[in-house]
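In terms of the numbering used here, the sequence shown opens at residue 203 and continues consecutively. Working notes for the structure below.
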Amino acid sequence: MTKCYCLLNGKNLFKPDMHNQIIKVSLVPVIGFLKNEFMKKTQSSRRKFLSDVSLAFGGTVVLSSFGRCETKTSPAFAGPSKQKKLGVALVGLGGYSGGQLAPALQETKYCYLAGIVTGTPAKEKLWAEKYNIPQKNIYNYQNFDSITDNKDIDIVYVVLPVGMHKEFTIRAANAGKHVICEKPMAVNAAECREMIETCKKANRLLSIGYRLHFEPFNMEAMRIGQEKRYGKIITINAENGFTMGNNNNSWRLNKALAGGGGLMDMGVYAIQAARYTTGEEPAYVTAREEKLRPDIFKEVDETIYFDLDFDSGTKAKCLSSYNKNVSRLRAEAEKGWLEISPAFYYGGQVGNTSDGPMNFDNNFFEQVAQMDDFAICVQQNKPSKVSGEEGLKDMRVVDAIYRSIASGKREKIV
Ligand code: NAD
């Protein structure tokens, strides 16, 4: 089940600027050439290589296309590489930490896996041996706050069930650590506001684990949409879901721990995709729920269909599901279209446009780029492009979707 889930996730947002032009005209061919030279490598090495290439061209690839943290002074960016790697502590050692984040932290250039926080004593030894983590950097949920005294840890990455995100983000910020919190940011927008406020007061940076802001195909959708390459976008289809097994007692089915069902877990990707492809914020939503397996989804939503209305006139037809296998983003504009399907997995993206296929590597290790970008943000004291505010925007939409299901009417997103 975990494995199945791990294949199904994703999202993103970026503003066109001069650096992006540089990527388009000069770096894609360079990466293509270097990639061919590298074909003999293993898949894992290849993912690492591409991340390395991105970072080697730091001033142009990762730093310009991946965020606001780009150097404005020189394309030969030489900032954080001269400084120490920042230490990251993962909180919650489940499927995503073990399957994606810990491996990614073996390949990051600007941060590394320095510590762990777990409620399962048996995992302490396993992780310590596998990742060479000293005992002094291992915490449990009770003594976690004493991490404040640990100079090895700069960033705490919260990878717990959603209902625990707020508590651990706040505790981490109050312990003086910068925070990455997994998606969805919290169970509702009110919690997000509290988390943002606490991090501000503590003068700590907050970022959300929106890895698709660092994934080439989704970044291309942002670029095409936001630059209006095909004119104004008329409609968007954004759908994300997987079929949950029958014998699943996961926290994902528990309302208190998950906050909701498919919408919270998978739907945020669809909301993100609609927002980052248009570069606009939706104003209204109309939603309806479908429940075909009420025996499984007793507490949380199974499938939700929701339509987002943008003030510009663009409409997004979206779907979130724990009962349908789908991962698709399509945008129809005045003079052309784009489609990525699958769109939100860890790699494997296939993208097409009305001008032909998108030619990017679909084995890019986006979590490496995501975490390195945040480490650079911390080094340079600049907000992440996937900040807490970005997570809040999605949760405002989620709240309005649940209101619309309850009222049976179109609801304003507030
Ligand atoms: P998981 O069930 O595999 O792991 C959850 C971890 O939390 C486990 O280590 C578990 O021991 C721990 N935990 C602590 N208290 C718990 C409790 N009361 N009940 C259950 N577990 C508890 O989940 P996961 O798939 O690793 O998801 C963790 C977070 O990461 C979620 O917020 C999820 O949305 C997010 N996630 C993000 C992506 C992505 O692509 N960005 C992918 C998967 C998961």
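Heads up, the beta-carbon is just placed ideally off N, CA and C, and yes, glycines get one too. None of the values given here were measured: they were computed from a predicted structure.
With DSSP as the reference, label residue i as helix, strand or coil.
| i | result |
| --- | --- |
| G317 | strand |
| T488 | strand |
| I335 | coil |
| K614 | strand |
| Y604 | helix |
| P496 | coil |
| V580 | helix |
| L540 | strand |
| K311 | coil |
| F444 | strand |
| G469 | helix |
| G300 | helix |
| Y478 | helix |
| L295 | coil |
| S589 | strand |
| K403 | helix |
| N345 | coil |
| S529 | strand |
| N420 | helix |
| T350 | helix |
| I340 | strand |
| G464 | helix |
| E429 | coil |
| S389 | Here residue 389 is Val; the residue named in the question, Ser, does not match the sequence. Here V389 sits in coil by DSSP. |
If you draw a straight line from the alpha carbon of residue i to that of residue j, how long is it in whole angstroms?
| i | j | result |
| --- | --- | --- |
| W539 | E501 | 38 Å |
| S522 | L407 | 30 Å |
| P323 | A330 | 11 Å |
| V293 | A458 | 19 Å |
| G606 | E504 | Before going further, note that residue 606 is Ser rather than Gly in the sequence given. So the two alpha carbons sit approximately 16 Å from each other. |
| A577 | L288 | 7 Å |
| E482 | I542 | 19 Å |
| Y471 | A316 | 29 Å |
| T183 | D351 | Because the chain is modelled from 203 through 616, residue 183 falls outside the range shown and cannot be assessed. |
| H380 | G411 | 13 Å |
| G550 | P559 | 14 Å |
| P305 | Y298 | 10 Å |
| C394 | E536 | 36 Å |
| D563 | L307 | 20 Å |
| I382 | Y359 | 5 Å |
| Q582 | Q285 | 11 Å |
| I506 | N449 | 22 Å |
| F419 | A545 | 8 Å |
| H367 | Q344 | 15 Å |
| K611 | E491 | 13 Å |
| F346 | A608 | 39 Å |
| V616 | L510 | 13 Å |
| N554 | E326 | 45 Å |
| T320 | T488 | 40 Å |
| T400 | S556 | 45 Å |
| S409 | Q572 | 10 Å |
| G378 | N561 | 42 Å |
| E429 | T480 | 9 Å |
| G365 | R530 | 27 Å |
| N342 | Q474 | 33 Å |
| D497 | G463 | 14 Å |
| I357 | Y333 | 17 Å |
| C520 | K353 | 44 Å |
| M466 | R431 | 31 Å |
| A391 | E422 | 29 Å |
Which whole-angstrom value describes the C-beta separation of residue i and residue j, a residue pair presumed to lie in contact below a C-beta threshold of 8 Å?
| i | j | result |
| --- | --- | --- |
| F148 | D513 | In the structure as shown, the chain begins at 203 and stops at 616. Residue 148 is therefore absent and cannot be evaluated. |
| I335 | I318 | 6 Å |
| R413 | E568 | 4 Å |
| A291 | I355 | 5 Å |
| R532 | N439 | 4 Å |
| K526 | G593 | In fact, because the Cβ distance is near 25 Å, the residues do not count as touching under 8 Å. |
| D596 | P386 | 7 Å |
| M397 | I372 | 6 Å |
| Y486 | E613 | 7 Å |
| T310 | V570 | 5 Å |
| Y524 | F499 | 7 Å |
| Y547 | Q302 | The pair is not a contact, with the Cβ atoms about 11 Å apart (cut-off 8 Å). |
Opposite residue i in the DSSP bridges: which residues?
| i | result |
| --- | --- |
| R395 | Per DSSP, none; premise fails for R395. |
| E534 | T437 and W539 |
| I410 | C383 |
| V361 | V361 pairs with nothing; no bridge assigned. |
| A374 | Answer is none; A374 lacks a bridge partner. |
| F562 | Looking at the DSSP assignment, F562 forms no beta bridge with any residue, so it has no partner. |
| D509 | T488 and K519 |
| V290 | L315 and I357 |
| T555 | L540 and G558 |
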